[in-house]
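As C-alpha coordinates, the structure follows; a few thoughts come after it.
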Amino acid sequence: MAAKKTTAKKRTGPGPKRKRVLAKKIAAERAANPPPKERDLTGSQTRYLRGLGHHLDPVVQVGKDGITDGLVAATKEALLAHELVKVKVQQEAPLDRKDVGPELAKLAAASFVQVLGRTVLLYKRHPNKPKIALPPKE
(Lines of atoms letter the chains of each structure in order from A and count residues from 1; the text may use other names and numbers.)
(Lines give C-alpha, C1' and ligand atoms only; values in the text may rest on other atoms or scores of the structure.)
Protein backbone atom coordinates (compact mmCIF):
# COMPACT_ATOMS: atom_id res chain seq x y z
CA MET A 1 0.00 0.00 0.00
CA ALA A 2 1.41 3.42 -1.00
CA ALA A 3 1.38 6.22 1.53
CA LYS A 4 -0.58 9.29 0.59
CA LYS A 5 1.47 12.45 0.16
CA THR A 6 -0.04 15.58 1.55
CA THR A 7 1.21 18.90 0.36
CA ALA A 8 1.17 21.71 2.82
CA LYS A 9 0.23 25.15 1.62
CA LYS A 10 3.21 27.44 1.50
CA ARG A 11 2.76 30.82 3.04
CA THR A 12 3.98 33.59 0.79
CA GLY A 13 3.70 36.48 3.22
CA PRO A 14 3.25 37.23 6.87
CA GLY A 15 0.28 35.68 8.60
CA PRO A 16 -2.65 37.67 9.98
CA LYS A 17 -1.14 37.91 13.47
CA ARG A 18 2.17 39.19 12.09
CA LYS A 19 0.31 41.77 9.98
CA ARG A 20 -1.43 43.13 13.08
CA VAL A 21 1.88 43.36 14.94
CA LEU A 22 3.49 45.21 12.01
CA ALA A 23 0.53 47.59 11.76
CA LYS A 24 0.82 48.40 15.48
CA LYS A 25 4.56 49.05 15.15
CA ILE A 26 4.02 51.38 12.19
CA ALA A 27 1.26 53.26 14.02
CA ALA A 28 3.46 53.65 17.12
CA GLU A 29 6.36 54.92 15.00
CA ARG A 30 4.14 57.48 13.26
CA ALA A 31 2.79 58.68 16.61
CA ALA A 32 6.32 59.05 17.99
CA ASN A 33 7.59 60.93 14.91
CA PRO A 34 4.77 63.11 13.59
CA PRO A 35 5.38 65.11 10.40
CA PRO A 36 6.23 68.79 10.87
CA LYS A 37 3.10 70.90 11.23
CA GLU A 38 4.45 74.24 10.06
CA ARG A 39 6.44 74.72 6.88
CA ASP A 40 9.28 77.17 6.98
CA LEU A 41 8.78 78.17 3.32
CA THR A 42 5.53 79.34 1.76
CA GLY A 43 4.31 78.10 -1.61
CA SER A 44 5.43 81.23 -3.43
CA GLN A 45 8.88 81.04 -1.82
CA THR A 46 9.21 77.38 -2.77
CA ARG A 47 8.15 78.15 -6.35
CA TYR A 48 10.68 81.01 -6.54
CA LEU A 49 13.50 78.79 -5.24
CA ARG A 50 12.59 75.99 -7.66
CA GLY A 51 12.92 78.48 -10.51
CA LEU A 52 16.33 79.60 -9.28
CA GLY A 53 17.48 76.03 -8.72
CA HIS A 54 16.51 74.85 -12.19
CA HIS A 55 19.79 75.96 -13.76
CA LEU A 56 22.07 74.81 -10.93
CA ASP A 57 24.35 71.79 -11.13
CA PRO A 58 24.49 69.30 -8.24
CA VAL A 59 27.16 70.28 -5.72
CA VAL A 60 26.82 67.37 -3.26
CA GLN A 61 26.29 63.68 -4.07
CA VAL A 62 24.84 60.95 -1.86
CA GLY A 63 26.63 57.69 -2.67
CA LYS A 64 26.69 54.11 -1.45
CA ASP A 65 27.46 55.13 2.15
CA GLY A 66 24.25 57.15 2.43
CA ILE A 67 24.08 60.20 4.70
CA THR A 68 27.35 60.38 6.63
CA ASP A 69 28.86 63.04 8.87
CA GLY A 70 31.14 64.09 6.01
CA LEU A 71 28.19 64.48 3.67
CA VAL A 72 26.35 66.64 6.21
CA ALA A 73 29.46 68.79 6.71
CA ALA A 74 29.89 69.19 2.93
CA THR A 75 26.22 70.13 2.59
CA LYS A 76 26.49 72.74 5.37
CA GLU A 77 29.59 74.21 3.73
CA ALA A 78 27.91 74.34 0.31
CA LEU A 79 24.79 75.95 1.81
CA LEU A 80 26.92 78.58 3.52
CA ALA A 81 28.65 79.39 0.23
CA HIS A 82 25.64 79.22 -2.11
CA GLU A 83 22.41 79.28 -0.02
CA LEU A 84 20.64 77.12 -2.64
CA VAL A 85 22.16 73.69 -3.28
CA LYS A 86 21.29 70.73 -5.48
CA VAL A 87 22.07 67.29 -4.07
CA LYS A 88 22.29 64.28 -6.39
CA VAL A 89 21.24 60.87 -5.01
CA GLN A 90 23.19 58.12 -6.78
CA GLN A 91 21.50 54.82 -7.67
CA GLU A 92 23.63 52.84 -5.24
CA ALA A 93 22.54 55.00 -2.29
CA PRO A 94 20.94 52.82 0.41
CA LEU A 95 18.19 55.34 1.19
CA ASP A 96 15.06 56.06 -0.79
CA ARG A 97 15.44 59.21 -2.88
CA LYS A 98 12.32 60.75 -1.32
CA ASP A 99 13.67 60.27 2.21
CA VAL A 100 17.10 61.81 1.58
CA GLY A 101 15.89 65.40 1.15
CA PRO A 102 13.98 65.88 4.41
CA GLU A 103 16.57 63.91 6.40
CA LEU A 104 19.53 65.87 5.00
CA ALA A 105 17.67 69.16 5.46
CA LYS A 106 17.03 68.31 9.11
CA LEU A 107 20.67 67.35 9.75
CA ALA A 108 22.03 70.42 7.92
CA ALA A 109 19.47 72.79 9.53
CA ALA A 110 18.19 73.79 6.08
CA SER A 111 14.85 74.00 4.30
CA PHE A 112 13.80 71.21 1.97
CA VAL A 113 12.55 72.74 -1.29
CA GLN A 114 11.84 69.81 -3.62
CA VAL A 115 12.84 66.40 -4.88
CA LEU A 116 12.78 65.86 -8.62
CA GLY A 117 13.88 62.43 -9.78
CA ARG A 118 17.12 61.73 -7.97
CA THR A 119 17.89 65.41 -7.34
CA VAL A 120 17.09 67.24 -4.10
CA LEU A 121 17.02 71.02 -3.69
CA LEU A 122 17.91 72.55 -0.30
CA TYR A 123 17.92 76.17 0.88
CA LYS A 124 19.47 77.88 3.88
CA ARG A 125 19.65 81.65 4.26
CA HIS A 126 23.15 83.01 4.90
CA PRO A 127 23.29 84.36 8.47
CA ASN A 128 25.18 87.58 7.60
CA LYS A 129 25.03 88.28 3.85
CA PRO A 130 22.01 86.70 2.17
CA LYS A 131 22.34 86.43 -1.62
CA ILE A 132 18.76 85.37 -2.35
CA ALA A 133 15.85 87.68 -1.52
CA LEU A 134 12.76 85.53 -0.99
CA PRO A 135 9.24 86.78 -1.65
CA PRO A 136 7.64 87.95 1.61
CA LYS A 137 5.56 85.55 3.72
CA GLU A 138 1.87 86.30 3.53
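In this text, residue positions in the sequence shown follow our numbering: the first is 11, and each later residue adds one.
Every residue gets a Cβ at the ideal spot worked out from N, C-alpha and C, and that includes glycine.
Task: From D67, K147 and E113, residue whose alpha carbon lies closest to that of T78 - done: E113
- Message: Report the start-end ranges of each beta strand (DSSP E) in the region 56-142 that is 3 residues or longer and not cut off at the edges.
- Response: 68-72, 94-99, 121-126 and 129-133
Quick check: the region 55-63 against the region 80-88, are there 3 or more CB pairs under 8 Å?
-> no
May I have the straight-line CA-CA distance separating P202 from K96, to the nearest angstrom? This structure cannot speak to residue 202, because the chain is shown only from 11 to 148.
Original post:
Using the C-alpha atoms, what's the distance from G73 back to E148?
Top reply: 38 Å
Next item on the list: Work out the CA separation of H92 and P145 for me, nearest whole Å.
Entry: 18 Å
Report yes if the C-beta distance between V123 and L90 is below 9 Å; otherwise report no.
no
Cutting at 8 Å between CB atoms, please list the residues of its own chain near R128, excluding the five before and the five after it. K98, V99, Q100, Q101 and R107
Checklist entry - Taking DSSP as the reference, what is the three-state secondary structure of K35? => result helix
Compute the distance between the beta-carbons of K134 and A120, then report whether it is under 9 Å. yes
K147 in three-state terms, based on DSSP: coil
*Alpha carbon to alpha carbon, how far is E48 from A118?*
Residue confidence for E48 is low, a pLDDT of 45 falling below 50, so the modelled location carries little weight and cannot support an answer.
Using three-state DSSP, classify K27 as helix, strand or coil. helix
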